[in-house]
Structure formats: C-alpha cells, structure tokens
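> Protein chains in written order, with my numbering: chain A, -13 to 215; chain B, -13 to 215. For each residue, glycine too, the CB sits at the ideal point set by N, CA and C.
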DNA sequence: CGACCTCTTTACACACCTTTACAAAGCTTT
DNA sequence: AAAGCTTTGTAAAGGTGTGTAAAGAGGTCG
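(1) Applying a beta-carbon distance threshold of less than 8 Å, which residues of chain B neighbour residue 204 (chain A)?
(2) Starting from the N-terminal side, write out each stretch of the alpha helix (DSSP H) that is 4 residues or longer and does not extend beyond the segment 139 to 182 of chain B.
(3) Would you report the Cα separation of residue 191 (chain A) and residue 152 (chain A), rounded to the nearest angstrom?
(4) By Cβ distance, which residues of its chain are closer than 7 Å to residue -12 (chain B), with the 5 residues on each side in sequence left out?
(5) Shortest alpha-carbon distance to residue 214 (chain A) belongs to which of A:173, A:116 and A:123?
(6) According to DSSP, residue 137 (chain B) sits in a beta bridge with which residue or residues?
(7) Any residues in the segment 154 to 186 of chain B with a beta carbon nearer than 7 Å to a beta carbon of chain A? Which ones, in chain order?
(8) I need the DSSP call for residue 66 (chain B), collapsed to helix, strand or coil.
(9) With a threshold of 16 other CB atoms inside 10 Å of the CB of residue 210 (chain A), please say whether the residue is buried or exposed.
(10) Indicate whether residue 45 (chain B) and residue -7 (chain B) have their beta-carbon atoms separated by less than 8 Å.
(11) Any beta carbon from chain A within less than 8 Å of residue 80 (chain B)'s own beta carbon?
(12) State yes or no: is the C-beta of residue 98 (chain A) within less than 8 Å of the C-beta of residue 141 (chain A)?
(13) Taking Cβ positions, are residue 120 (chain B) and residue 156 (chain B) nearer each other than 8 Å?
(14) Using 10 angstroms around the beta-carbon of residue 167 (chain B), count the other beta-carbons present and answer buried if the total reaches 16, otherwise exposed.
(15) Report back the beta-carbon spacing between residue 27 (chain B) and residue -10 (chain B) to the nearest angstrom; my notes put them in contact at under 8 Å.
(16) Contact defined as beta carbons within less than 8 Å: I believe residue 188 (chain B) pairs with residue 149 (chain B). What is the distance between those atoms, to the nearest angstrom?
(17) Measuring CB to CB, does residue 170 (chain B) end up less than 8 Å from residue 186 (chain B)?
(18) Leaving aside the five residues before and after residue 95 (chain B) along the sequence, list all residues of the same chain whose C-beta is less than 8 Å from its C-beta, in chain order.
(19) Quick check on residue 86 (chain A) - is its C-beta less than 8 Å from some C-beta in chain B?
(20) Which residue marks the beginning of the beta strand (DSSP E) containing residue 13 (chain A), and which one marks its end?
(21) Please confirm if residue 12 (chain A) has its CB atom under 8 Å from at least one CB of chain B.
(22) On the CB-based measure, 16 or more other CB atoms within 10 Å of its CB, does residue 41 (chain A) come out buried or exposed?
(23) Cα separation between residue 182 (chain A) and residue 182 (chain B)?
(24) Could you pull out every residue in the same chain whose Cβ sits closer than 6 Å to the Cβ of residue 15 (chain A), ignoring the five residues on either side in sequence?
(25) With distances taken from CA atoms, which of B:164, B:173, B:184 and B:194 is nearest residue 207 (chain B)?
(26) Nearest to residue 83 (chain B) by CA position, among B:143, B:133, B:65 and B:174, is which residue?
(27) Hey, could you find the ends of the alpha helix (DSSP H) residue 8 (chain A) is sitting in?
(28) Grab me the residues of residue 111 (chain B)'s own chain with a C-beta within less than 7 Å of its C-beta, minus the 5 sequence neighbours each way, in chain order.
(29) Using the C-alpha atoms, what's the distance from residue 59 (chain B) back to residue 108 (chain B)?
(30) If you run the structure through DSSP and keep just helix, strand and coil, what is residue 106 (chain A)?
(31) Quick check: the Cα distance between residue 43 (chain A) and residue 56 (chain A), rounded to an integer number of angstroms?
(32) Quick check on residue 104 (chain B) - is its C-beta less than 8 Å from some C-beta in chain A?
(33) Under a CB-based cut-off of 8 Å, is residue 83 (chain B) close to chain A?
(34) If I'm right that residue 24 (chain B) touches residue 52 (chain B) with Cβ under 8 Å, what's the distance once you round it to whole angstroms?
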C-alpha cells in the first residue's frame, strides 16, 4: 500500500483531498503544521509527501529544507500564489514537483502518481545491486570493487561506501549527514571531520587513477560528484 | 488566438464580460444554458470555459460532470457569493478554479489567464536541471559550473546559487527574500546584508568576465538580471 | 608483542560568508 | 529646497566551514 503524508493547515481542504486520494487507493495521513510533519516523518516511512508552502509557524520551505538534510522522500509542493518564483525556489530546494492552488484534485492525483513513478525508477536502481557505471568508473556492490577504466581501485571500505553513495547521486548534492549515515552508519556530530578526510583521500585517489570525476564542495550544504566528461 | 466559452444565463452580464474579454484579446463565444454549452464544446475546441453554477435546466455542476467524462479543458466556475460548499464540490468534480459572484471583471481576467497558464505548464517537465543558457552565460546545475563564453567562471557556492536564481528569472525582479531562500536556504532577517554583498561581488565578476549582463537594483523590491545584448 | 592498516581527531591555514561601519542615493516630510 | 529617514554599495573586520598533514586510537595478523 502506498503511504502518503498530506501537510496543509487548511483542514477542510486536507480532509477533502485525503478522502479523494484514499478513494484512489492510497493510504493517507494528514497533519496541519510543519513541526508535526517532521515528527511524523521520523516515525513513519512515507512514499511521498504533499506539502503546502503557506503555513503558520514552520512553512513548507522550512519543512523541505529540514527534511532534505536527511531524506530523499519525494515531495510535491502546493502553493497559494500562482507564482513561478515560488515554484523555482521549491524545486531548487529539492522538491520533486509543484502545483499551484487552487488545483484540480485529479491533477494532484496525476502528479502524485508521476512523482511516485519517478522515485520508483530510481529506487529500483538502488535496490538492485548490479554494477553502477558512470563514465570510466564502475562500482559493483556485490563484489565491493571499483574499476577505473579496467584497473581495480584500491579503496578502503569506508571510501568505497562514500564513493558509491556519491556515484548514485552523481550531479546532485548530498549532505554530510546523508554520507555519514550511509557510509558509516551514524549521525554526523558537531566537529566530526571524518567525512572531510574521506573526501580529501578520495580526491587524491580519483586524480591518481586519472578519472574525470571531481568532488565539488557546496559550502554549508554538502558535496556533489561531477562528471567532467 | 485563445478561445473562450462563456456559459451564464444572465445575458446582460454575459454580454458585458464577453466584450471585456474580447478587448483583452480573447475570442469569446457565449451560450446561456448548460445543454447549449455541451453542444458547443462538441463542435469547437476551446482553451478554457467560464461556467456559471446557477442556471435553469442543466446547471454548472451538471455541465462539468458531463464534460469531465471526455474532456480536460480548463474550467473556471462562477459560484454564488461565499458558498464554500459549491467551491469544494466544484473543485472535487474537476473545476480548475472558482470565482464567487459578484466579482471584478479584472479578477476574472486574471484567473482566466492563470488557468490557461497552468494548463500549459502542467505539460512541462518539472525539476529540470539541464543547462541554462542566456546569451554568453551558461550555467549547469549538475556540474555546478558557470561558463562565460567558454571560460569557466570562478564563483563561490553562494555566488553560483544567487546567479543561477537570477538567471532563471532573467528580465524579472526577484526579491531579496527569494534569493535568501533559494541561495542560502534561510529567511531574510532585518539588517541582513549578505545578499547585498553577494550582489556586489557578483557585479565585479560579471564585468571581470566581460559578460553583457547587468544586475539592476530595484529599490525596495529586489534585483533584476538584465541582458544588455 | 610490534608492524601494519584503517578510521578518527587534532591543529592550523585558508577560503568563504556574514556583520559592521560608513558613505551615497532615493524617497518622504517639513 | 532642506531635513530626515530608509535603502543600497562596498571596504574591512569577524566568524564559520573546509582542506589536509599529522598524531592518536582501534583493529588484525604474523
């Protein structure tokens, strides 16, 4: 069953949308403010979020910014202003799609489905552990080996995890928190510089093996693997 | 030419609205009952419908329900004053927007345009990070690089974010609040001058790389990127 | 045990971002 | 037109985040 979380302070609209989405076969939870949403997401795994921008207290952008520090769950944003700029701000902050209020519920349904379809495609890649290839770099999770143009890369275990995670998100920013979780299985603590050191070492190895890949620092946000070719 | 169909049993109001919308550049047909409306849409393709709920015979809901069996044409509904239930029923049945009577014709115009814009937008691909090109400047989010006529621009992370946001809105004013949200991920606080400093630095770099782009200040409102070419 | 490997922490330099401070420009009030 | 207030431009100071060498802390293996 596909689980959705609806976050909108307009309770009447929420109820209506929830009912409509349930009638289409989704399991729907609804909360009416940003903080409740963050709490909900902590204890329950959702397939997608429908998030209103305009809310008292923590608004939609705030929720999204917080969320993107540790989660890649698909988010569809709703905004009252039919304003293109809000849409772009949202998308740049990591929303997956956008719908301006008022909207046709059927369009919401179509977009929720589209967002789910897209995320499904990328999680299929995740679930399957067939080799991941970008340019001259090939990484195989099942044998935990990395090949740089047919040459085996000598990577430590953590380096492998870090590079693998970066490679899966090539072209996108990943936060240190995400890297810490996925490569070392723990939360990032204050003054923890491990990730930085692994990055430093990985950069050396990338150039040492002549790979046209760069690890770009995005100050205050994280790192991004870039394919120069 | 954009084609509209007006459906309202009030002939005097219809005539007035039709004339007003024509003066704004639309092609407008008007009918005065639900059945005529359904016949009209069978033989003619409209870009949007303006549909009154309260009509003798087949009312607006009836028209909409029938219509949605075979058409996705954008529909703007006119409802009785402050009738919340009508609004919800209408949206649930697939209306794209609603307006309560009596209304300002200019608001009708704005909403018709909004509905048209949305219906056009909804087919566009969303969350797109393909390179953005304006004149000699090309910015690519997936590699976080900016090229000034084939020369890589040396930009800091935040400068990149700011310029990217300005570029997406080239020719339009963007507020400092929006810039702060999209480039730094936080709200603009009072006495916060960071954006101003980034603008100052970006202006230096734009001229340093010989780009024919100016960052224009719009006092009290924000900034605007202008292509001089 | 010591030699080796890996990961983490420390330490310092540097780059980047924000704040401060003041000058200048623009708008409003008198 | 002058005075007063607000907003903006920008140099410089201050604070924070990042790069990386080196030392420390565990672990494994002979």
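In short, the structure shows the following:
(1) 130 and 143
(2) 143 to 154 and 162 to 165
(3) So the alpha carbons of these two residues sit roughly 15 Å apart.
(4) 12, 13, 33 and 102
(5) A:123
(6) B:134
(7) Within the segment 154 to 186 of chain B, the qualifying residues are 154, 155, 160, 164, 167, 168 and 171.
(8) coil
(9) buried
(10) A distance of 8 Å or more separates the beta carbons of residue 45 (chain B) and residue -7 (chain B).
(11) At a cut-off of 8 Å between beta carbons, residue 80 (chain B) contacts chain A.
(12) no
(13) Closer than 8 Å, so yes.
(14) buried
(15) Not confirmed; about 12 Å, so no contact.
(16) 6 Å
(17) no
(18) 6, 7 and 10
(19) yes
(20) Residue 13 (chain A): member of the beta strand (DSSP E) spanning 13 to 17, first to last residue.
(21) no
(22) buried
(23) 30 Å
(24) -9
(25) B:164
(26) For residue 83 (chain B), the closest C-alpha among the options B:143, B:133, B:65 and B:174 is that of B:65.
(27) -3 to 9
(28) Caution applies to residue 111 (chain B), whose pLDDT of 44 falls short of 50 and renders its modelled position unreliable; the model cannot decide the point.
(29) Low confidence applies to residue 108 (chain B): its pLDDT is 48, below 50, so where it sits in the model is not reliable, and the reading given next is rough at best. Spanning the two alpha carbons is a distance of roughly 13 Å.
(30) helix
(31) 21 Å
(32) yes
(33) yes
(34) Contact between residue 24 (chain B) and residue 52 (chain B) holds, with the beta-carbon distance rounding to 6 Å and staying under 8 Å.
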